Amino acid sequence: MNKKNQQPERRNFLVQAASMLGVAVCSTALSSMLASCDYDITRPTDIANQPGIDIDLNVETSLQTVGGSIRKTYGSFNGGRNIVIIRTSETEFLVVTAVCTHQGCDINLPQSPGANLVCPCHGAQFSSATGDVLQGPASTPLRKYPWRLDSARNVLVLNPGVGSTNPEQPTAEIKIDISKEPLLQSPGGAGKLNVAPYNDSRDIIIVRRANNTFLVATAVCAHQGCDVGLPKSPGANLVCPCHGAQYSSTDGTWQPSPQTASDLRTFDSSFDTGTNILTILM
Ligand code: FES
Ligand code: FES
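The working numbering puts the sequence shown at residues 2 to 283.
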């Protein structure tokens, strides 16, 4: 499969993956595996068709300090609408659409470092760290865009290498109908899913949090690559059976335990409570 040319399509993904790989990955025999064998995988073509955009941090003085932010358009990027860029640490940024997910007004920049993004139309508020909804009437997080910091040039690159070989950037959106997943109906529920060839054909772990968001993380232990287990009870850690490494089932971060000190790799996701669809960027 050429991921670069992959177009949006409906597919029985795991069955196709199974035939491609010669393994039976679409199984409900394992109680920990999610039931989904049929869901949408879409290459985010509106992202993929866009070349990378360089934002020179030597010029954008507002982004030179942590907490700084800008709101701008970049040609046809984001449908020609504004995006918001916030420097959340020396090396981290939040890049989101400025288009409110309620009825499409432009959200305002945070009034001070760390303050919420507020929509002037009906008062929705979003986290300036994650883009998640903190106050309605919006119910869906702001759409995030991938970025990469080119420290050598002091340039923030939007959309770097989408569809390329850079494994850190999303090449697909995976949509899962949560109403068909009994394991994910209540907070603390968790399951595994194989979305080969994504995540190097290894399982991912999906955990439902209390606030209608989900942790989506690789099941591959950051120590030596064993499959990490699901939480034994809601809120319990994810534990690796090989040498005991433990990770938070809330955010995938490493918890004091033997081996490793690295977090699980996580994937951005958003959940639409209206349609019950979980969208994962891979
Ligand atoms: S359009 Fe943003 S809160 Fe309504
Ligand atoms: S491989 Fe997971 S703790 Fe060693």
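Glycine residues also receive a C-beta, built at the ideal position from the N, C-alpha and C atoms.
Treat the numbers as computed from the prediction; the structure is a model and nothing was measured.
Contact between the stretch 97-114 and the stretch 56-72 is present, with at least three C-beta pairs closer than 8 Å. Spanning the alpha carbons of Phe268 and Ser180 requires a straight line of approximately 21 Å. Straight-line measurement puts the Cα of Ala237 at about 14 Å from the Cα of Ile206. Taking 8 Å as the cut-off, the beta carbon of Thr102 is found no closer than this to the beta carbon of Thr66. In this structure the stretch 202-219 lies against the stretch 241-259, because at least three pairs of beta carbons, one per stretch, are closer than 8 Å.
Here the C-alpha atom of Gly132 lies approximately 21 Å from the C-alpha atom of Leu265.
When secondary structure is reduced to three states using DSSP, Tyr199 falls in the helix class.
Going down the chain, each residue whose beta-carbon is closer than 5 Å to a heavy atom of ligand 1 shows up: Cys101, His103, Gln104, Cys106, Cys120, Cys122, His123 and Ala125.
Nearest C-alpha to Ser202 among Ala223, Met283, Leu231 and Ala130: Met283. In this chain, the beta strand (DSSP E) harbouring Leu279 covers Ile278 to Leu282. Within its own chain, the residues whose Cβ lies closer than 7 Å to the Cβ of Asp204, once the five positions on either side in sequence are excluded, are Lys193, Leu194, Asn195, Ala220 and Asp228, listed in chain order. Assignment of Phe127 by DSSP, reduced to helix, strand and coil, places it in the strand class. The Cβ-Cβ distance between Ile56 and Val156 falls below 8 Å.
Per DSSP, the beta bridge partners of Leu150 are Leu157. Its chain contains Ser140 and Asn213 as the residues whose beta carbon lies nearer than 7 Å to that of Thr274, once the 5 sequence neighbours on both sides are disregarded; these appear in chain order.
One thing to note: Phe127 has its Cβ within 8 Å of the Cβ of Leu143. Going by beta carbons, Tyr146 and Ala173 fall outside the 8 Å limit. With a cutoff of 8 Å on beta-carbon distance, Pro232 and Arg209 are scored as not near each other. If you draw a straight line from the Cα of Pro259 to the Cα of Gly245, it is about 6 Å long. When the Cα atoms are used, Ser271 and Pro257 turn out to be separated by approximately 28 Å.
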